[in-house]
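Just below is one structure, and these are the notes that go with it.
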Amino acid sequence: SRPPFKLNYNLQYDFFHLVFFFYPPEVTINYRHGLPVVTLMLPTRSERCQFTVKPVVTTVGAFLQDVQREDKGIERAEVFATDGSKISDATLMEVLLMNDFKLVINNTAYSVSPPVKDKLNSEHATEMEDIKSLVHRLFVALHLEDHQIRKERELLQKLDHLKGELLPLEQMRARIMKSADAKTSRLLWVGLALMSTQGGALAWLTWWVYSWDIMEPVTYFITYGSAMAFYAYFVLTKQDYIYPHAKDRQFLHYFYRKSKKQHFNVERYNKLKDDLAEAEESLRRLRQPLHLRLPIQEISDKY
12 SRPPFKLNYN
22 LQYDFFHLVF
32 FFYPPEVTIN
42 YRHGLPVVTL
52 MLPTRSERCQ
62 FTVKPVVTTV
72 GAFLQDVQRE
82 DKGIERAEVF
92 ATDGSKISDA
102 TLMEVLLMND
112 FKLVINNTAY
122 SVSPPVKDKL
132 NSEHATEMED
142 IKSLVHRLFV
152 ALHLEDHQIR
162 KERELLQKLD
172 HLKGELLPLE
182 QMRARIMKSA
192 DAKTSRLLWV
202 GLALMSTQGG
212 ALAWLTWWVY
222 SWDIMEPVTY
232 FITYGSAMAF
242 YAYFVLTKQD
252 YIYPHAKDRQ
262 FLHYFYRKSK
272 KQHFNVERYN
282 KLKDDLAEAE
292 ESLRRLRQPL
302 HLRLPIQEIS
312 DKY
């Protein structure tokens, strides 16, 4: 009798892949213990594999990476909606499993229809929300200390960096301010000297050279000229001629002119000062007892 016919192993392998190409197996999704289990056929290994996903925290990109990690022969793994638009890798699996979608592995597309879960009643939904809120508070409480330490370290490093950049600018600013202040003070003393000279000259002309009848019109026009000068100051600066304001304005004029000569970047200095103040305020708020969950000392109100 003839021996039974045996199909060659290579022919079996090629036949299996031929059937797999024309009749791709469907991707199934089942829920076990409340979690979705995605079952699909790995193309290279030719075996079905199950992937249990956590829909609340797992993204589409993480799921596809798990699939490619399981089968190294998968070069392309993407998810599309039923209308052909691509699903972002940052989309949560919980959102993806709400509607039908297409899973493309290499050159094969699978139409996936997730099972519809029973809608929760309002009481059960409220309990689930309370549980989620409790889990979130527990997570924050357990990781708060690490977050506080990491954030404080980042702020301290930022403060050190800002202070290091500000140190040479502060030294240059101090020199420029000292020079501008000296020039402003010198200008004030020059003004006092000119006014004293003018008063002495008018007194000498009035009592020793001419009489008051002759000098009175001169003093009138000098006073009127001074009023015109003050009005011109208002027209140019849109400010009244007040001695402290005029002194500050002259100081800033000398300061910016000296800064330009010494290439002192005032805008960069102000930006660094603002960043330093913001970082110090963030560090102060971070170290508050309420943020650190420390006991607060009782403060007696004084009336």
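Counting along the sequence shown from 1, when you hit position 56 you're at 67 in my numbering, and nothing is skipped either side. In this text, a Cβ means the ideal position worked out from N, Cα and C, and glycines have one as well.
{"Query": "Euclidean distance between Cα positions of Phe275 and Met183", "Result": "7 Å"}
{"Query": "Neighbourhood of Gln299 by C-beta distance below 8 Å, restricted to the same chain and skipping five residues each side", "Result": "none"}
{"Query": "Terminal residues of the alpha helix (DSSP H) in which Thr320 lies", "Result": "The displayed coordinates of the chain run from 12 to 314. Any statement about residue 320 would go beyond what the structure contains."}
{"Query": "At least three beta-carbon pairs within less than 8 Å, the stretch 72-90 to the stretch 162-182", "Result": "no"}
{"Query": "Reference Lys189, options Tyr221, Gly175, Ala204, Leu263, closest by Cα", "Result": "Leu263"}
{"Query": "Selection from Tyr242, Gln159, Leu213 that minimises the alpha carbon distance to Tyr231", "Result": "Leu213"}
{"Query": "Limits of the unbroken beta strand (DSSP E) element including Val78", "Result": "Where Val78 is concerned, there is no enclosing beta strand (DSSP E), although the alpha helix (DSSP H) it sits in stretches over 71-81."}
{"Query": "Inter-residue spacing [alpha-carbon to alpha-carbon] between Lys272 and Lys174", "Result": "24 Å"}
{"Query": "At least three beta-carbon pairs within less than 8 Å, the stretch 67-74 to the stretch 100-112", "Result": "yes"}
{"Query": "Leu107 and Leu177 closer than 8 Å at C-beta", "Result": "no"}
{"Query": "Same chain, Cβ closer than 7 Å to Ala324, five either side skipped, listed in chain order", "Result": "Nothing about residue 324 can be read from this structure; the chain reaches only from 12 to 314."}
{"Query": "Unbroken alpha helix (DSSP H) run spanning Ser124, endpoints", "Result": "Here Ser124 belongs to no alpha helix (DSSP H), and DSSP marks it neither H nor E."}
{"Query": "Chain-order list of residues whose beta-carbon lies under 7 Å from that of Ile98 (same chain, five-residue window excluded)", "Result": "Val71, Val90, Phe91, Ala92, Leu107, Phe112"}
{"Query": "Start and end residues, alpha helix (DSSP H) containing Phe232", "Result": "223-248"}
{"Query": "Buried versus exposed, by CB contacts within 10 Å (16 or more), Thr234", "Result": "exposed"}
{"Query": "Same chain, Cβ closer than 6 Å to Arg295, neighbours up to 5 away in sequence not counted", "Result": "none"}
{"Query": "7 Å CB neighbourhood of Thr195 in its chain, flanking five on each side removed", "Result": "Lys258, Gln261, Phe262, Tyr265"}
{"Query": "Assigned exposure category for Ile142 - 16 Cβ within 10 Å defines buried", "Result": "exposed"}
{"Query": "From Leu180, Ser222, Ser207, residue whose alpha carbon lies closest to that of Asn281", "Result": "Leu180"}
{"Query": "Backbone secondary structure at Asn281 - three-state DSSP", "Result": "helix"}
{"Query": "Minimum C-alpha distance to Ser293 - residue among Arg186, His44, Gln159, Asp224", "Result": "Gln159"}
{"Query": "Glu86 versus Lys65, Asp192, Thr55, Phe62, residue with shortest Cα-Cα distance", "Result": "Thr55"}
{"Query": "As assigned by DSSP and simplified to three states, the class of Ala320", "Result": "The requested residue 320 is not part of the displayed model; the chain covers only 12 to 314."}
{"Query": "Bridge-paired residues (DSSP) for Pro47", "Result": "Tyr42"}
{"Query": "Contact test: Asp251 Cβ vs the ligand GDP heavy atom, cutoff 7 Å", "Result": "Among the components of this structure there are no ligands whatsoever, and the ligand GDP is therefore not found."}
{"Query": "Beta-carbon proximity check, Ala191 vs Lys284, cutoff 8 Å", "Result": "no"}
{"Query": "Per DSSP, cross-strand counterpart(s) of His112", "Result": "Before going further, note that residue 112 is Phe rather than His in the sequence given. Phe112 pairs with Ala92, Val123."}
{"Query": "Neighbour-count burial assignment, Ile225, 16 or more Cβ in a 10 Å radius", "Result": "exposed"}
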